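Under my numbering, read the sequence shown as residues 18 to 152, first letter to last.
A virtual CB, placed ideally from N, CA and C, is assigned to each residue, including glycine.
Remember, predicted model here, so these are calculated numbers, not experimental data.
The next block holds one structure in the form of structure tokens; read it before the comments.
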Amino acid sequence: MPGGMLKVLVADDQPEIREFFEASILAQGHLPVLAKNGREAVEIAHRLQPDVVFLDIQLPVLDGFGVLEELQRISYEGDVVMMTASPEIETITAAFQKGAAAFLEKPLDMIAIKAILNEVLQQKSDPLRGITTDK
């Protein structure tokens, strides 16, 4: 995979969200990989080791927090960005406590997604750098 290209896993049960991400990620020159439920997301992450995972909290089969725990169990080393349409402070706090690198509120903001992808790309070239959600 070329140095400037990221493997990006998007796990969301809504087809329109997956399609939005797929088009956005491709437009930025990265490789999108899509999952429609939590179990599928874990299997793909284990097999492909994406650079970043955009993970909806409310997923069928295995919810986002369950996926996050499974990713830790399989020693996934990329960043996880949690997403939800109902961002209560308890949910956001729990996401960060369980290891999420960032949190996005739906409806999604293309500028924030692009900024996160750029941060992950920078982090690949400078491993001491962490991702932020500043626009």
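- Looking at Ile130, Ile34, Thr110, Glu94, the one whose alpha-carbon comes closest to that of Ala52 is Ile34.
- Going by C-alpha positions, Gln114 is about 22 Å away from Pro77.
- At a Cβ-Cβ threshold of 8 Å, Thr108 and Lys123 do not count as neighbours.
- Lys24 is bridged by DSSP to Leu48.
- Burial is judged here by how many other beta carbons sit within 10 angstroms of a residue's own beta carbon; Leu43 has fewer than 16 and is exposed.
- According to the DSSP assignment, Leu72 belongs to the beta strand (DSSP E) that extends over 69-73.
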